[in-house]
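**Q** Counting the sequence shown from 1 gives a position; this note's numbering is that position plus 920.
Glycine included, C-beta positions come from ideal geometry on N, C-alpha and C.
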Amino acid sequence: MTRRGIQVEPAHTPRRRRVTPFRLVAACMVMLVAGTGWWSLGQLQLSSDAGRLRDLMRDGLESLEAGDFSTAARDLVEATDVLDRLGRKDSTADLIRQRGREAAAANGLVSVSLVDILSDADRLQRSGADGAWARQFQRDHRGHWVIMQSVLERPGERLDDKTGKRGRNTLPDAFEAEYPFAVGERSVRLSGRLPGLVRLSGWGDPGDEDPRPVIFAGQLEACRFDPGTETWWVELSADTAFLWTDIVSYGHLGFLPHAIFGDDEIAAVLDRQSAAAGIDVDSLADPGRADDGSAEARSKLGALDRESAR
């Protein structure tokens, strides 16, 4: 054996192990430290947001009462997010969530009336430009909000666009409504789902000969023409519709009382809907109930402050 032979390295050098117990432990420690740091930052942010919660609720409710829907939506939606992260499910949290929905709907109203939307749809449909109308609706109107007062009905039979067959939506919260304005000689109907309906007293009672109107909001999903019945259908997104409960913001939207359906009747409808939505407006004084923003409203905001400080 020569010196050269002794110094030659083996042809197959053993490979060093990439995964070792030490490296596994080190990686776990790094992940634990990173996770703990991330959780700590989240808790710190939540604590900071919780410290602002009272101001967010107060400012949001005051803006809503004043008709400033943009500011109200910003503050109340942020307050709702904080309440959700805190896991709050008390009466204060329920009220803020409801007012946040109402502010967001009022701030995101469709830019033109349904009458104008349907007139454009009917004109394009008669000209054979159905595809152009579908694109225009998707671009300009889908996802925007409508707020309506109407008597709702159980769904009837309707043509299914996908199967071409007629059927009936049997879900308990499904509804239809006759829109009061026709498009030429073509009637207009709305359809959607409203979860609060199942808790609304008298809903769907066939013996009720004088059903009360429902005040609700929903996002536009589609506007389609049914040639079989010569009817325009306005569809609302299933997961967005909700019952309205606040009379002050309702007045700011321009829904003024009239001789047949005055202030007292509107207040009764909204009280009934508040109960169906699980909003206890008596136990937590609602600023929206004061007609003039007087001491009653201020005392109610004070009650909200005390409740939110728990």
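Taking D1200 as part of the alpha helix (DSSP H), name the residues at either end of that continuous run.
**A** No alpha helix (DSSP H) holds D1200; DSSP gives it neither H nor E.
**Q** Can we say the stretch 1129–1146 touches the stretch 1065–1075, given the rule of at least three CB pairs closer than 8 Å?
**A** The stretch 1129–1146 vs the stretch 1065–1075: in contact.
**Q** Are any of the Cβ atoms in chain C nearer than 8 Å to that of I1037?
**A** Of the protein chains in the structure, only one exists, and it is not chain C.
**Q** Note the first and the last residue of the continuous alpha helix (DSSP H) segment covering D1001.
**A** Here the alpha helix (DSSP H) through D1001 covers 989–1006.
**Q** Can you tell me whether M977 is buried or exposed? The criterion is at least 16 other CB atoms within 10 Å of its CB, across all chains shown.
**A** Under this definition M977 is a buried residue.
**Q** Tell me the start and end of each unbroken beta strand (DSSP E) in the stretch 1146–1190 that is at least 3 residues and wholly inside, in chain order.
**A** If we require 3 residues or more, the beta strand (DSSP E) runs fully inside the stretch 1146–1190 come out as 1151–1156.
**Q** Go through its chain and collect everything with a Cβ distance to A1023's Cβ below 6 Å, but skip five positions before and after it.
**A** Closer than 6 Å at the Cβ level, and outside the excluded window around A1023, lie L984, F989, A992, A993, L996.
**Q** With distance defined between alpha-carbon atoms, name the residue in F1057, A947, A1094, D1060 nearest to P1075.
**A** Selected option, being the one with the closest Cα: A1094.
**Q** Just curious, the beta strand (DSSP E) that E1098 is in, first and last residue?
**A** It spans 1094–1098 - the beta strand (DSSP E) in which E1098 sits, taken as one unbroken run.
**Q** Out of C948, L981, Q1056, state which residue places its alpha-carbon closest to the alpha-carbon of A1169.
**A** Ala is not the amino acid found at residue 1169; the sequence shown has Ser there. Comparing Cα-Cα distances from S1169 to each of C948, L981, Q1056, the minimum goes to L981.
**Q** Buried or exposed for T940, please, with buried defined as at least 16 other CB atoms from any protein chain shown within 10 angstroms of its CB.
**A** Answer is exposed; the Cβ neighbour count stays below 16.
**Q** Spatial neighbours of A1179 within its chain, please: CB distance less than 7 Å, with the 5 preceding and 5 following residues excluded, ordered by chain position.
**A** Because the pLDDT of A1179 is 47, which lies under 50, any placement of that residue in the model is unreliable, and the question is left without a value.
**Q** Does DSSP put E1105 in a helix, a strand or coil?
**A** Of the three classes helix, strand and coil, the one that applies to E1105 here is coil, per DSSP.
**Q** Which residue marks the beginning of the alpha helix (DSSP H) containing S1039, and which one marks its end?
**A** 1034–1046 is the span of the alpha helix (DSSP H), which, as asked, contains S1039.
**Q** Out of A1158, P1100, D1184, G1048, which has the shortest C-alpha to C-alpha gap to F1145?
**A** Answer by Cα proximity: G1048.
**Q** Count the CB pairs spanning the stretch 1152–1161 and the stretch 1102–1120 that are closer than 8 Å, and state whether there are at least three.
**A** Yes, they touch.
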